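Remarks on the structure that follows.
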Amino acid sequence: MDIRPLTDDYAVSPQIAPSDLVAIKAAGFTTVIDNRPDGEIPGDLAAAEM
-17 MDIRPLTDDY AVSPQIAPSD LVAIKAAGFT TVIDNRPDGE IPGDLAAAEM
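In structure tokens:
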């Protein structure tokens, strides 16, 4: 997982998987924003599955 801080309170990363959420929470993040629209890449997870 490649988390890139932009500010003290905001970071970005490439597409994450549900299995990454435990590590993201352990790193202190409390919110995940999914900017990829459902169906953009066929076969990828829908936002509701995250």
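Residue numbering for the sequence shown follows the working numbering, starting at -17 and increasing by one per position. Each residue gets a CB set at the ideal place from its N, CA and C atoms; glycine is no exception. None of these values were measured; they are calculated from a predicted model.
Throw me the rounded Cβ distance for the residue i and residue j pair, which I believe falls under 8 Å.
| i | j | result |
| --- | --- | --- |
| I(-2) | I6 | 7 Å |
| P0 | M32 | 6 Å |
Report the partner residues of residue i according to the DSSP bridge assignment.
| i | result |
| --- | --- |
| D(-7) | Strictly speaking, residue -7 in this sequence is Ala, with Asp absent from that position. The partner list for A(-7) (beta bridge, DSSP) reads P(-13). |
Please decide whether residue i counts as near chain B, where near means a Cβ-Cβ distance under 7 Å.
| i | result |
| --- | --- |
| R18 | The chain inventory of the structure shown lacks chain B, comprising one protein chain alone. |
Taking the alpha helix (DSSP H) that residue i falls in, what are its first and last residues?
| i | result |
| --- | --- |
| I6 | 3 to 8 |
For residue i, I'd like the list of residues in its chain whose CB is within less than 7 Å of its CB, leaving aside the five on either flank, ordered along the chain.
| i | result |
| --- | --- |
| M(-17) | S(-5), I(-2), D2, A5 |
| D20 | A28, A29 |
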